[in-house]
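Following: one structure in structure tokens, then a few remarks.
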Amino acid sequence: MSLSTLTQLSNLISQSVATLERVAVETNTSLPDLDNPLLSDESDALRINAVAIEAARVIAAAGRQLAALTMRPKDYVFEVVFGAHLAASLRVCIESNATEMLRAAGPEPQGLHANKIAEENNMDGDKLARIMRHLATYHIYREVKPNTFANNRLSATLDTHKPVSELFSDPDNKYTGLTEAFPAAAAWTRFTPGRINLWAKSACNLWDTLKDPKAGFSNEIIDSPFHRTLGIDVPFHRWFEDPAQHKLRDLFGIAIKGFAEMNPPGTILDAFPWTSLQEDSVVVDIGGGIGAAALQLARAHPHLRIVVQDLPGVVADAQKLWETQYAGVLQSGRVIFQGHDFFQPQPSQEASVFLLRYIVHNWSDTYAQKILMHLPAAATPSTALVVVDHVLPYACPPTAVPSDVQALSASLDTAPPPLLPNYGSANALGHLLDSCMLVSLNAQERNIGHLQRLLGSCGWRLEEVVRIEGASGYYYPLRAVPV
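If you want it as structure tokens, here you go:
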């Protein structure tokens, strides 16, 4: 007699909890404490252990699937209907510096009354208490007594660790100079025209955009919900470069670092067997920005020559930065910057590796093809293409996927049954990013089958999907070769 789904999920949780506890004992590390707001390498040590990471992911996936199974269906769906209110509540606490004020109030467990936070912000204390209680219900903050709150493991991730007085006296520079950039990633939409969260408003216009006879079938950036909401007819990237958006640009740069912190450091080093390349092999980092990936590669693999390509303005800024901070690497001649528009023919004809890191997902297929199709003409038969992007695992059973895609998907993590193969909502961030790309840029994250077709249409054969231990469940670099 087969076990019920309920029992199977319960067993998965019990077994995985036992695994976590065993690993904690074996590695002499502590299990996470939700009430402890003091984040450190020690408090998060289990997150770098591959066995513990998998056990934690199974626990989260099974717990959420149990909720979907056991809650009343209408209650479960209605939580999704009102999901925007949770993000709105979080923004209130971010803008009011609630996390930093709770930290400054002193050690646990007394916490701080919502009225104290409200007074500093000229707000209604009762309304703020209701908002913080909403978040505490989702384990972000902790209500220690009526209307009195304290930080916990989750709310502490929002802490800029700046003095509260500085945050109130200079709010526009709240995220400047952070040691850890995740708080900016959680709040980078705060600087928008009229201080309205246009990304949230744009998401509300997704249905209207999809049903529009022109925009709904368009691959143009200016037909995204974001552009329709803002009422602009220039691509996001040009709007973004407008001097009026300098605060948003600065915050975005910090936020990108925060997103990167969500994966283990140095993941680019595992995206390709760089040591297999001969001395003076050329790696061309296309759209490489200020050279963050190039710096990691240059330091870890000094036998490589690296060409960082981006638009001339970006390259000029990058060179100034490197001259002051990484002069030794720049003077070695191992890294050079080159002005280049990746929609134009590729000038480098000697690349051993073309690297596209977080580029393809910024564009619809129409424009991604224009980028990729220039590369085969500049490639040698042995040139490799490395695409570092987010890969969305399918939610259907692996057996339902075509055999050639199955083979390429072999390195993707697959959850044990009865969990969804992609770990369900415990691994939903990739899909949230996909929705963000659709709303803002009319672009997308892609699944393996889609990437295989896209690369194939541009003269590249997808050969390998790389699994990086400890990385997010949607972070899978791709390796392709010329057809």
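For the sequence shown, UniProt numbering gives the first residue as 1, with consecutive numbering after it. Beta carbons are placed, not taken as given, at the ideal position from N, Cα and C, and that holds for glycine. Keep in mind it's a predicted model, so treat the numbers as computed, not measured.
Determine, for residue i, whether the minimum Cβ-Cβ distance to residues of chain B falls below 8 Å.
{"i": "D365", "result": "Annotation note: the requested chain B is absent from the structure, which comprises a single protein chain."}
Under the DSSP definition of a beta bridge, which residues are partnered with residue i?
{"i": "Y475", "result": "H390"}
{"i": "residue 488", "result": "Past the boundaries of the shown model lies residue 488; the chain is included only from 1 to 483, so the question cannot be answered."}
{"i": "R305", "result": "V282"}
{"i": "A260", "result": "Note: A260 sits in no beta bridge, so no partner."}
{"i": "W322", "result": "DSSP output for W322 lists no bridge partner at all."}
{"i": "G464", "result": "Note on residue identity: the sequence assigns Glu, not Gly, to residue 464. Looking at the DSSP assignment, E464 forms a beta bridge with R479."}
{"i": "A384", "result": "V353"}
{"i": "H113", "result": "T148"}
If you follow the alpha helix (DSSP H) that residue i is in, where does it begin and where does it stop?
{"i": "I286", "result": "Not the alpha helix (DSSP H): I286 falls in the beta strand (DSSP E), residues 282 to 286."}
{"i": "W239", "result": "236 to 240"}
{"i": "V329", "result": "327 to 331"}
{"i": "V17", "result": "5 to 26"}
{"i": "S440", "result": "429 to 441"}
{"i": "F226", "result": "225 to 230"}
{"i": "F272", "result": "Run containing F272: none; DSSP gives neither H nor E here."}
{"i": "G449", "result": "448 to 456"}
{"i": "P183", "result": "182 to 185"}
{"i": "I131", "result": "125 to 137"}
{"i": "G63", "result": "50 to 70"}
{"i": "A410", "result": "That residue, A410, is in no alpha helix (DSSP H); it is neither H nor E in DSSP."}
{"i": "L295", "result": "292 to 300"}
Given a threshold of 16 other Cβ atoms within 10 Å of its Cβ, counted over all protein chains shown, does residue i qualify as buried or as exposed?
{"i": "R357", "result": "buried"}
{"i": "G177", "result": "exposed"}
{"i": "L6", "result": "exposed"}
{"i": "Q349", "result": "exposed"}
{"i": "S14", "result": "exposed"}
{"i": "T70", "result": "exposed"}
{"i": "I196", "result": "In this prediction, I196 has a pLDDT of 46, which is less than 50 and means its spatial position is unreliable; what the coordinates show is noted afterwards. I196 should be labelled exposed."}
{"i": "P171", "result": "exposed"}
{"i": "P193", "result": "Caution applies to P193, whose pLDDT of 42 falls short of 50 and renders its modelled position unreliable; the model cannot decide the point."}
{"i": "W322", "result": "buried"}
{"i": "W207", "result": "exposed"}
{"i": "D44", "result": "exposed"}
{"i": "T99", "result": "buried"}
{"i": "M1", "result": "Only weak support exists for where M1 lies, its pLDDT of 43 falling under 50; the coordinates are left without a value."}
{"i": "V360", "result": "buried"}
{"i": "R130", "result": "exposed"}
Give the DSSP-derived three-state secondary structure of residue i in the structure shown.
{"i": "W207", "result": "helix"}
{"i": "T192", "result": "Summary for T192: the model assigns pLDDT 48, below 50, so the residue's position carries little reliability, and this model does not support an answer."}
{"i": "S169", "result": "helix"}
{"i": "W363", "result": "coil"}
{"i": "A379", "result": "coil"}
{"i": "M1", "result": "With a pLDDT of 43 at M1, under the threshold of 50, the modelled position of this residue cannot be trusted, and the question is left open."}
{"i": "V401", "result": "coil"}
{"i": "A105", "result": "coil"}
{"i": "H85", "result": "helix"}
{"i": "S425", "result": "helix"}
{"i": "A255", "result": "helix"}
{"i": "L198", "result": "helix"}
{"i": "D159", "result": "coil"}
{"i": "Y76", "result": "helix"}
{"i": "K247", "result": "helix"}
{"i": "E120", "result": "helix"}
{"i": "L420", "result": "coil"}
{"i": "R153", "result": "coil"}
{"i": "Q344", "result": "coil"}
In terms of residues, what are the limits of the beta strand (DSSP E) holding residue i?
{"i": "V144", "result": "142 to 145"}
{"i": "T148", "result": "148 to 150"}
{"i": "L355", "result": "351 to 357"}
Is residue i close to the ligand NAP? I mean its beta-carbon at under 7 Å from any heavy atom of the ligand.
{"i": "P393", "result": "Among the ligands in the structure shown, none appear at all, so the ligand NAP cannot be discussed."}
Inset, instruction - Evaluate contact between the segment 468 to 479 and the segment 270 to 286, counting only Cβ atoms and requiring at least three cross-stretch pairs below 8 Å. - result: yes
Legend entry - Stretch-stretch touch, CB-based, cutoff 8 Å, three pairs: the segment 50 to 58 with the segment 16 to 23: yes
Inset, instruction - Report yes or no: do three or more beta-carbon pairs, one from the segment 336 to 348 and one from the segment 356 to 372, lie closer than 8 Å? - result: yes
Inset, instruction - Count the CB pairs spanning the segment 437 to 450 and the segment 198 to 217 that are closer than 8 Å, and state whether there are at least three. - result: yes
Inset, instruction - Please confirm if the segment 378 to 389 is in contact with the segment 403 to 420, defined as three or more CB-CB distances below 8 Å between the two stretches. - result: no
Legend entry - Given 8 Å, three or more beta-carbon pairs between the segment 273 to 290 and the segment 301 to 308: yes
Inset, instruction - Please confirm if the segment 83 to 93 is in contact with the segment 448 to 464, defined as three or more CB-CB distances below 8 Å between the two stretches. - result: no
Inset, instruction - Please confirm if the segment 390 to 403 is in contact with the segment 418 to 435, defined as three or more CB-CB distances below 8 Å between the two stretches. - result: yes
Inset, instruction - For the segment 227 to 236 and the segment 159 to 166, state whether three or more C-beta atom pairs, one from each stretch, are separated by less than 8 Å. - result: no
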